[in-house]
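Only one structure is covered here, and it is reproduced in the block below.
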Amino acid sequence: MSTKRSLIRRATAVAAAATAALALAACGGNGDDSGSAHNGHNAASPAASTPAQQGDHNAADTAFAQGMIPHHRQAIEMADLAATRAESAEVKKLAAEIKKAQDPEIKTLTGWLTSWGEQIPAEGAGHEGHDMAGMMAAQEMNQLEPASGKAFDTAFLTMMVKHHEGAVAMAKTEQADGTYQPAKDMAQAIITSQSAEIARMNTLLGKS
């Protein structure tokens, strides 16, 4: 009787050891061949998954965000002028739409730079960057500010077409060279929306 019990205990122990070994092998296999952090060790999962979700960016993504913030700020500055200086209802409507679209994008771009530990362009750091694609120089902004009526409408539309063309070029560079998917998605949205606005503005200018 005692011999039979001893054999049963031994068989149970062997089965338990085999089960444990299989469990360890399975755990190790998932971590190695899938490359997925979530099947590996729990302690490593957050650290392994966070860069892929939030920090997977490169220099092109940083340049896109740092360039587009002052670019958008200047567009909003121009749009604010249109609210009181423009004569055309269409120009005023377009300016309001530009501000509504670009204000949230500035907040998103700023959030990305903060999460990446990158520098955020200072407020007012726009005009000195006029060599950036489509940016207006301080002199051009000084010419726009005192204008009103039809003269403002023409100047605003002409400058904003150039401004939008610069943004589209920057967005295309991001799509080609960036790695951060949300930034590439924003770049595509900018290309689509601002290309449509360029066509609209050229129509208002009588160019198409």
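When the letters of the sequence shown are read in order and numbered with mature numbering (1 follows the signal peptide of the UniProt record, and there is no 0), they come out as residues -25 to -1, 1 to 183.
Note that the Cβ used here is the ideal one computed from N, Cα and C, for glycine as well.
Hey, is the stretch 41 to 58 in contact with the stretch 137 to 144, meaning 3+ C-beta pairs nearer than 8 Å?
yes
Buried or exposed by the 16-neighbour rule on C-beta atoms within 10 Å, applied to Glu149
To locate residue 149, count along the sequence shown from 1; it is residue 174. Label assigned to Glu149: buried.
With a Cβ-Cβ cutoff of 8 Å, do Met176 and Leu132 count as a contact?
Within the sequence shown, the letter at position 201 stands for residue 176. Within the sequence shown, the letter at position 157 stands for residue 132. Closer than 8 Å, so yes.
Which residues share a DSSP beta bridge with Ala112?
Against the sequence shown, residue 112 aligns to sequence position 137. Beta-bridge pairing links Ala112 to no other residue.
DSSP state of Ser170, grouped into three classes?
Walking along the sequence shown from the start, residue 170 turns up at place 195. Looking at Ser170 - three-state DSSP - the assignment turns out to be helix.
According to DSSP, simplified to helix, strand and coil, what is Ala61?
Residue 61 sits at position 86 when you count from the first residue of the sequence shown. DSSP places Ala61 in strand when its eight states are reduced to three.
For the alpha helix (DSSP H) that contains Asp152, what are its first and last residues?
Residue 152 sits at position 177 when you count from the first residue of the sequence shown. It spans 124 to 152 - the alpha helix (DSSP H) in which Asp152 sits, taken as one unbroken run.
Put Gly42 into one of helix, strand or coil per three-state DSSP.
Here residue 42 is taken as the residue at index 67 of the sequence shown, counted from 1. Helix, per DSSP.
Is it the case that the stretch 78 to 90 contacts the stretch 152 to 165, given that we only count it when at least three CB pairs across the two stretches are under 8 Å?
yes
Near Glu62, which residues of its chain fall below 6 Å by C-beta distance, leaving aside the five closest residues on each side in sequence?
Your numbering for residue 62 matches position 87 in the sequence shown. Excluding sequence neighbours, Glu62 sits near Gly124, Lys125, Asp128.
Quick one: what's got a C-beta closer than 6 Å to Ile173's C-beta in the same chain, skipping five residues either side?
Locating residue 173 in the sequence shown gives position 198, where the first residue counts as 1. Val136, His139.
Report the residue from Ile95, Thr59, Ala57, Val66 whose alpha carbon sits nearest the alpha carbon of Thr37.
Taking the first residue of the sequence shown as 1, we reach residue 37 at position 62. Thr37 has its Cα closest to that of Ile95, out of Ile95, Thr59, Ala57, Val66.
C-alpha distance - Ala162 paired with Ser170, whole-angstrom precision:
On the sequence shown, position 187 is the one that residue 162 refers to. On the sequence shown, position 195 is the one that residue 170 refers to. Each residue's Cα considered, the two are about 12 Å apart.
Buried or exposed for Pro45, please, with buried defined as at least 16 other CB atoms from any protein chain shown within 10 angstroms of its CB.
Start at 1 with the first residue of the sequence shown, and residue 45 comes out as number 70. Burial call: buried.
If we count the other Cβ atoms within 10 Å of its Cβ and call it buried at 16 or more, is Ala164 buried or exposed?
For the purposes of this step, residue 164 is taken as residue 189 along the sequence shown, with counting starting at 1. Exposed is the call here.
Measure the CB-CB distance between Met145 and Gly42 and report whether it falls below 8 Å.
Here residue 145 refers to the residue found at position 170 when the sequence shown is read from its first residue. Here residue 42 refers to the residue found at position 67 when the sequence shown is read from its first residue. Cβ atoms of Met145 and Gly42: closer than 8 Å.
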